[in-house]
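Chemist: Got a structure for you, questions after.
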């Protein structure tokens, strides 16, 4: 049985995916994995391929919990996905971050930062 923290994270990813679909994105993959880790969501936004990190917290610091090492790993994961799926080099892509926070016992999307992480891993 998943831990309460894992359950919260899974629920956050479900809500983030629904939020993105409402915004017109198409979800391509959930919890995509390779030897370097896991990408929460992979989506399409028009012609852009979008890698999405979902941060779910019980306090208000969901975005602040994204450390430099994690940002760098997300860039590495994006490159692995692009290579593994033979995505043409001309395809525009970015890494977004969606933050969810528990508010009155409900998970709420508090931030959606588009292109939050650059290739160097810095926001």
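Numbering (this note's numbering), first residue to last: 92 to 214. Ideal placement from N, C-alpha and C gives every residue a C-beta, glycine not left out.
Quick check: the Cα distance between residue 125 and residue 148, rounded to an integer number of angstroms?
Modeler: 25 Å
Chemist: Taking contact to mean at least 3 C-beta pairs separated by less than 8 Å, is the segment 160 to 180 in contact with the segment 117 to 134?
Modeler: yes
Chemist: State buried or exposed for residue 192, treating a residue as buried only when at least 16 other CB atoms are found within 10 Å of its CB.
Modeler: buried
Chemist: Within 10 Å of its beta-carbon, does residue 202 have 16 or more other beta-carbons around it, so buried, or fewer, so exposed?
Modeler: When all chains shown are included, residue 202 counts as exposed.
Chemist: Please classify residue 144: is it buried, with 16 or more other beta-carbons within 10 angstroms of its beta-carbon, or exposed?
Modeler: buried
Chemist: Residue 100 by DSSP, collapsed to three states: which one?
Modeler: helix
Chemist: Applying the criterion that 16 or more other CB atoms from any shown protein chain within 10 Å of the CB defines a buried residue, is residue 116 buried or exposed?
Modeler: buried
Chemist: In terms of alpha-carbon separation, which member of 188, 196 and 96 lies closest to residue 146?
Modeler: 188
Chemist: Residue 169: which of 206, 200, 199 and 198 sits nearest, CA to CA?
Modeler: Looking at the Cα atoms, 206 is the closest of the given residues.
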